[in-house]
Amino acid sequence: MEDTIKIELLTPLTGTFLPNEMEQDWEGEEYHELEEEQVLFDGADLIPYVSEIQEKIAEYSRVGHEDDKTDNLMDYFDGSAAIKEKVLSAVPSVKEADGVLYGCTILELKEYLETEELSELCEYLTGQYSDGWGEGFEQQEIPVEGGELCVHFWRPMDFEFQQAKPEVPKEKPEKQENQANVPKRPEMHLLGMDGSVFVILGAAGGMLIKDGMDEQANEMYERVMKSDSYYQALNIISEYVETELSVPDAETQKKRLQLLECIQKNKKKSKKQPER
Numbered sequence: 000m001e002d003t004i005k006i007e008l009l010t011p012l013t014g015t016f017l018p019n020e021m022e023q024d025w026e027g028e029e030y031h032e033l034e035e036e037q038v039l040f041d042g043a044d045l046i047p048y049v050s051e052i053q054e055k056i057a058e059y060s061r062v063g064h065e066d067d068k069t070d071n072l073m074d075y076f077d078g079s080a081a082i083k084e085k086v087l088s089a090v091p092s093v094k095e096a097d098g099v100l101y102g103c104t105i106l107e108l109k110e111y112l113e114t115e116e117l118s119e120l121c122e123y124l125t126g127q128y129s130d131g132w133g134e135g136f137e138q139q140e141i142p143v144e145g146g147e148l149c150v151h152f153w154r155p156m157d158f159e160f161q162q163a164k165p166e167v168p169k170e171k172p173e174k175q176e177n178q179a180n181v182p183k184r185p186e187m188h189l190l191g192m193d194g195s196v197f198v199i200l201g202a203a204g205g206m207l208i209k210d211g212m213d214e215q216a217n218e219m220y221e222r223v224m225k226s227d228s229y230y231q232a233l234n235i236i237s238e239y240v241e242t243e244l245s246v247p248d249a250e251t252q253k254k255r256l257q258l259l260e261c262i263q264k265n266k267k268k269s270k271k272q273p274e275r
């Protein structure tokens, strides 16, 4: 089988902790008293329980499958045929990043998704985590020290996807490309796009591939994956496609900063509450 592209999409993860000392009488007014004793955890609080959560995900994902097969959310996708062709699998998991535990959808792609395709896929995954796979998983009580934990892959506010930065070993800086050998870059406007680097990277990769620049698309992807910041990633992308950041050296630093601020504002505005 030809090489595939692996991408991890992170989403907010929360939990509800039920202490052992809680009385198990859920009738009448006592239900509300018990509800008040529950403790809500955010992603940072869930870090100590990562092993237990991963074990429960593995157990839950095997339900209804034979042998070692686990849930693949693409098995239930009935949207765009192009997405079904490009996305081989979408597997729920969790991942720690900067001291916070996130929900993690591991995608295996045959080729990059266009911007509209990625939006459709994220909308589908949101539905899976709010009313489908995630709704079933949050009902799985996870035994932990001192009580039980229920983990939620979806929340009604500030739910968004972001790309996980892969863990790669430190390497010496790459040599600058010989500009004389670089083909003419396709044009792409950053302003007005979703601020997610993954969205922008997917759009840029698609444009390069359409122009027969597969090698440059793969090289761009690898460099972005090794970048240290959002803005560094944008500047790397701008070396391969013409964007607002692909400005001549003579342009002032002030103009570049203004463009970056606009992109960052657009990123914040792109957050929206999914419909249920």
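Using numbering that gives the first Met the number 0, the first residue of the sequence shown is number 0, and each one after it goes up by one.
The beta carbon of each residue, even a glycine, is placed where N, CA and C say it ideally should be.
The structure displayed is predicted, hence computed values, not measured ones.
Item: Taking only the alpha-carbon atoms, compute the straight-line gap between Val143 and Ile235 and give it to the nearest angstrom.; Value: 44 angstroms
Item: Please tell me whether, using a cut-off of 7 angstroms, the distance from the CB of Ala202 to the nearest non-hydrogen atom of the ligand FMN is below it.; Value: Absence of the ligand FMN is noted for the structure shown, with no ligands found whatsoever.
Item: Counting along the chain, where does the beta strand (DSSP E) carrying Tyr101 start and finish?; Value: Val99 to Leu108
Item: For Cys103, tell me which candidate among Ile199, Ser226 and Thr13 has the shortest Cα-Cα distance.; Value: Thr13
Item: Smallest Cα separation from Lys83: which of His64, Asp97, Ile56 and Glu116?; Value: Glu116
Item: Thinking just about the alpha-carbon of each residue, which of Leu233, Tyr75, Ser79 and Gly42 is nearest to the one in Phe197?; Value: Leu233
Item: Let me check understanding here. Comparing Cα to Cα, which of Ala80, Ala57 and Val150 lies closest to Val90?; Value: Ala57
Item: Threshold first: 4 residues or longer. Then list the alpha helix (DSSP H) segments lying entirely within the segment 25–80, N to C.; Value: 29–36 and 49–60
Item: Identify the residues that DSSP records as bridge partners of Thr13: which are they?; Value: His151
Item: With a CB to CB cut of under 8 angstroms and the five nearest residues on each side skipped, what residues in its chain are close to Ile46?; Value: Glu95, Gly98, Val99 and Leu100
Item: Measure from the alpha carbon of Tyr229 to the alpha carbon of each residue in Ile208, Ala163 and Ala202, then state which is nearest.; Value: Ala163
Item: Considering only DSSP beta bridges, list what Glu95 is partnered with.; Value: Leu100
Item: So the candidates are Thr10, Ser237 and Gly78; which of them puts its Cα closest to the Cα of Met279?; Value: The structure shown has nothing for residue 279, since the chain only spans 0 to 275.
Item: Can you give me the Cβ contacts of Cys121 inside the same chain, cut-off strictly under 6 angstroms, excluding the 5 residues immediately before and after it?; Value: Phe160
Item: Here's a check: name, in chain order, each residue in its chain whose Cβ is nearer than 7 angstroms to the Cβ of Thr3, leaving out the five neighbours to either side.; Value: Leu87, Glu107, Leu108 and Lys109
Item: Among residues of its own chain, excluding the 5 on either side of Thr69, which ones have a beta-carbon nearer than 8 angstroms to its beta-carbon?; Value: Ala57, Ser60, Arg61 and Val90
Item: What are the boundary residues of the alpha helix (DSSP H) that includes Val223?; Value: Asp213 to Met224
Item: Leaving out the 5 sequence neighbours to the left and right, which residues in its chain are closer than 6 angstroms to Ala216 when beta-carbon positions are compared?; Value: Gly204, Leu207 and Ile208
Item: For a test of the three-state rule: what should DSSP assign to Leu200, helix, strand or coil?; Value: helix
Item: Between Asp67 and Glu241, what straight-line distance do the alpha-carbon atoms span, to the nearest angstrom?; Value: 46 angstroms
Item: Suppose you measure from the CA of Gly131 to the CA of Met212; what does that come to, to the nearest Å?; Value: 39 angstroms
Item: With 16 as the cutoff for other CB atoms within 10 Å, does Asp24 come out buried or exposed?; Value: Note that Asp24 has pLDDT 49, beneath the 50 cutoff, so the model's placement of it is unreliable and no number is given.
Item: Taking Cβ positions, are Ser79 and Glu134 nearer each other than 8 angstroms?; Value: no
Item: How long is the line joining the alpha carbons of Leu123 and Gln231, rounded to whole angstroms?; Value: Correcting the residue type first, residue 123 is Tyr in the shown sequence and not Leu. Approximately 30 angstroms, taken between the alpha carbons.
Item: Should Gly42 and Leu112 be called a contact, given that it needs their Cβ atoms to be closer than 8 angstroms?; Value: no
Item: My guess is that Leu8 and Gln37 are in contact by the Cβ rule of under 8 angstroms, so how many angstroms apart are they, rounded?; Value: That belief does not hold up - the Cβ atoms of Leu8 and Gln37 are roughly 29 angstroms apart, past 8 angstroms.
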